[in-house]
Amino acid sequence: MSQQTPYIFDATTADFDQSVIEASFNKPVLVDFWAEWCAPCKALMPMLQGIAESYQGELLLAKVNCDIEQDIVARFGIRSLPTVVLFKDGQPVDGFAGAQPESAVRALLEPHVQMPPPAAADPFEQAQALFDDGRYADAEAALVVLLTEDNTNAKALILYARCLTERGELDEAQTVLDAVKSDEHKAALAGAKAQIKFLGLARDLPDAADLKARLAQNPQDDEAVYQLAIQQLARQQYEAALEALLKLFIRNRSYGEGLPHKTLLQVFELLGNDHPLVTAYRRKVFAALY
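In UniProt numbering, the protein residues as written are 1 to 290.
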């Protein structure tokens with residue numbers, strides 16, 4: 001019952017405030033109150049240790065031996081074993097008493113602990129997994145390391161530009177994309193450039209609330225429809241933007257010298273051929289054309 005790792009440890013009366021309360025401001029801490037004589041405790045602990053290991057340091061597991069640490073037991077009013085309490089930001093936020101299946105424990109943790117991305121086969125896949133999970137700063141840091149080793153890696157440069165775009169560094173992102181000389185990743189490059197374009201256009205347009213007010217007064221205001229679609233694309237509201245562009249294309253395909261159709265194609269490049277929205281809206285565009 002004494003497995004120790006950097007994120008699985010025994011907590012004592014002497015160090016509980018530091019190892020659990022203070023530590024929970026950085027990472028959630030799951031506290032397992034157990035005793036040697038408690039058979040359910042001995043069944044539960046290996047499962048909790050396995051769960052903690054699966055979080056790869058995003059979750060800490062503190063074990064409190066209730067036969068020894070009576071002050072902690074009294075402090076938190078522990079009346080039955082096993083009892084498990086999750087601490088976050090210095091406070092208990094959830095927990096349970098008695099044996100629980102692994103699925104129930106993971107369901108309890110899910111709102112509070114971020115599961116790390118799956119192990120990737122190479123550094124780029126790791127960065128891509130982080131980006132897909134919305135962890136743009138972490139993805140950017142991983143890509144910086146990768147590009148330090150090879151600053152001509154086209155797919156890494158493109159993803160690095162996407163990270164810069166996510167934090168609003170559009171000019172810097174464009175400079176990075178301009179450095180991509182390989183023709184191997186044309187679709188990804190076109191998509192990244194489209195994203196920069198939409199964000200850049202959105203900065204110079206009326207805000208979404210004003211455009212919606214205009215459309216409430218006149219739903220046929222083609223300019224407002226198009227500009228709102230650009231604002232939605234900049235905010236990654238892709239389905240709403242695609243639907244608006246398609247309707248504008250059907251109603252007035254010559255608007256802006258074919259802007260609705262051109263923009264639809266740019267969104268398809270941005271999202272990629274495998275995206276379900278692209279599959280659905282390619283069909284709709286084809287039907288509108290023919």
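Here a beta-carbon is modelled for each residue, glycine too, at the ideal position from N, C-alpha and C.
**Report entry** Residues bridged to residue 250 (per DSSP)
**Finding:** Translated into the one-based positions of the sequence shown, residue 250 becomes position 250. DSSP, once it has assigned bridges, lists no residue as partnering residue 250.
Report task. Using three-state DSSP, classify residue 113 as helix, strand or coil. Result -> The sequence position of residue 113 within the sequence shown is 113, counting from 1. Of the three classes helix, strand and coil, the one that applies to residue 113 here is coil, per DSSP.
Query raised in the report: Considering only C-alpha positions, which residue in the set 6, 151, 18 is nearest to residue 180?
Result: Working through the sequence shown from its first residue, we reach residue 180 at position 180. Answer by Cα proximity: 151.
Report task. Would you list the residues sitting across from residue 63 in a DSSP beta bridge? Result -> Locating residue 63 in the sequence shown gives position 63, where the first residue counts as 1. Per DSSP, 10, 32.
Query - Cβ neighbour criterion (16 or more within 10 Å) applied to residue 278 - result: What you label residue 278 is simply residue 278 of the sequence shown in a count that begins at 1. Buried, because 16 or more other Cβ atoms sit within 10 Å of the Cβ of residue 278.
Query raised in the report: At which residues does the alpha helix (DSSP H) containing residue 191 begin and terminate?
Result: The residue labelled residue 191 in the question sits at position 191 within the sequence shown. Here the alpha helix (DSSP H) through residue 191 covers 186-203.
**Report entry** Coarse secondary structure for residue 1, derived from DSSP in three states
**Finding:** To locate residue 1, count along the sequence shown from 1; it is residue 1. For residue 1, the predicted structure reports a pLDDT of 48, less than 50, and the residue's modelled location is therefore unreliable. The matter cannot be settled from this model.
Query raised in the report: Can you give the Cα-Cα distance for residue 47 and residue 57, rounded to whole angstroms?
Result: As a working note, residue 47 is residue 47 in the sequence shown. As a working note, residue 57 is residue 57 in the sequence shown. About 16 Å.
Query raised in the report: Using the C-alpha atoms, what's the distance from residue 137 back to residue 248?
Result: Along the sequence shown, one-based indexing puts residue 248 at 248. Along the sequence shown, one-based indexing puts residue 137 at 137. Spanning the two alpha carbons is a distance of roughly 36 Å.
Requested in this report: Specify whether the region 7-17 and the region 62-75 touch according to this definition: at least 3 beta carbon pairs, one from each stretch, less than 8 Å apart.
Outcome: Proximity of the region 7-17 to the region 62-75 meets the contact definition, three or more beta-carbon pairs being nearer than 8 Å.
**Report entry** residue 182, buried or exposed, once every other Cβ within 10 Å from all chains shown has been counted against 16
**Finding:** For the purposes of this step, residue 182 is taken as the residue at position 182 of the sequence shown. Classification of residue 182: exposed, given that the 10 Å Cβ count is below 16.
Report task. Work out the CA separation of residue 24 and residue 114 for me, nearest whole Å. Result -> The residue given as residue 114 occupies position 114 in the sequence shown. The residue given as residue 24 occupies position 24 in the sequence shown. If you take the alpha carbons of residue 114 and residue 24, they lie about 14 Å apart.
Query raised in the report: Going straight from the alpha carbon of residue 1 to that of residue 31, what length do you get?
Result: Working through the sequence shown from its first residue, we reach residue 1 at position 1. Working through the sequence shown from its first residue, we reach residue 31 at position 31. Residue confidence for residue 1 is low, a pLDDT of 48 falling below 50, so the modelled location carries little weight; the figure read from the coordinates is stated next. Their Cα atoms are separated by approximately 14 Å.
Query raised in the report: Thinking C-alpha only, which one of 88, 169, 158 is nearest residue 184?
Result: Here the question's residue 184 lines up with position 184 in the sequence shown. Out of 88, 169, 158, 158 has the C-alpha closest to the C-alpha of residue 184.
Query raised in the report: Should residue 104 be labelled buried (16 or more other beta-carbon atoms within 10 Å of its own) or exposed?
Result: For the purposes of this step, residue 104 is identified with residue 104 of the sequence shown, where counting begins at 1. Result: exposed.
Query raised in the report: Span of the beta strand (DSSP E) holding residue 91?
Result: Position 91 of the sequence shown holds residue 91. Looking at the DSSP string, the run of the beta strand (DSSP E) that includes residue 91 is 91-97.
Report task. Work out the CA separation of residue 91 and residue 166 for me, nearest whole Å. Result -> Along the sequence shown, one-based indexing puts residue 166 at 166. Along the sequence shown, one-based indexing puts residue 91 at 91. Using only the alpha carbons, I get a separation of about 33 Å.
Report task. List the whole-angstrom C-beta distance separating residue 255 from residue 281, where the pair is believed to meet the contact cut-off of C-beta under 8 Å. Result -> Stepping through the sequence shown from its first residue, residue 255 is reached at position 255. Stepping through the sequence shown from its first residue, residue 281 is reached at position 281. With 8 Å as the limit, residue 255 and residue 281 do not qualify as a contact, their Cβ atoms being about 18 Å apart.
Query - Among 213, 224, 141, 28, the one whose alpha carbon lies nearest that of residue 55 - result: Numbered from 1 along the sequence shown, position 55 holds the residue referred to as residue 55. When each option's Cα is compared against that of residue 55, the closest is 28.
**Report entry** Residue from 177, 252, 228 whose Cα sits closest to the Cα of residue 198
**Finding:** Translated into positions along the sequence shown, residue 198 becomes position 198. Cα-wise, what sits closest to residue 198 is 228.
Query - Whole-angstrom distance between residue 133 and residue 40, CA atom to CA atom - result: Your numbering for residue 40 matches position 40 in the sequence shown. Your numbering for residue 133 matches position 133 in the sequence shown. Each residue's Cα considered, the two are about 36 Å apart.
Requested in this report: Indicate whether residue 177 and residue 189 have their beta-carbon atoms separated by less than 9 Å.
Outcome: As a working mapping, residue 177 is identified with position 177 in the sequence shown. As a working mapping, residue 189 is identified with position 189 in the sequence shown. In contact: residue 177 and residue 189 (Cβ atoms closer than 9 Å).
**Report entry** The alpha helix (DSSP H) enclosing residue 262, as first and last residue numbers
**Finding:** In the sequence shown, counting from the first residue as 1, residue 262 sits at position 262. Taken as a continuous stretch (DSSP letters only), the alpha helix (DSSP H) holding residue 262 covers 259-271.
Requested in this report: Measure the Cβ-Cβ separation of residue 164 and residue 140 and say whether it is below 9 Å.
Outcome: As a working note, residue 164 is residue 164 in the sequence shown. As a working note, residue 140 is residue 140 in the sequence shown. Yes, Cβ-Cβ distance for residue 164 and residue 140 is below 9 Å.
Requested in this report: Indicate whether residue 33 and residue 72 have their beta-carbon atoms separated by less than 9 Å.
Outcome: The residue you call residue 33 lines up with position 33 of the sequence shown. The residue you call residue 72 lines up with position 72 of the sequence shown. Yes.
Requested in this report: Give the single residue among 96, 195, 21, 175 whose Cα lies nearest to the Cα of residue 88.
Outcome: If you number the sequence shown from 1, residue 88 lands on position 88. Comparing Cα-Cα distances from residue 88 to each of 96, 195, 21, 175, the minimum goes to 21.
**Report entry** Buried or exposed (CB count within 10 angstroms, at least 16 for buried), residue 263
**Finding:** Taking the sequence shown and counting its residues from 1, one reaches residue 263 at position 263. Note on residue 263: 16 or more other CB atoms within 10 angstroms of its CB, so buried under the neighbour-count rule.
Query - Exposure label - residue 83; buried when at least 16 CB within 10 Å - result: Against the sequence shown, residue 83 aligns to sequence position 83. With 16 or more other CB atoms across the displayed protein chains lying within 10 angstroms of its CB, residue 83 is buried.
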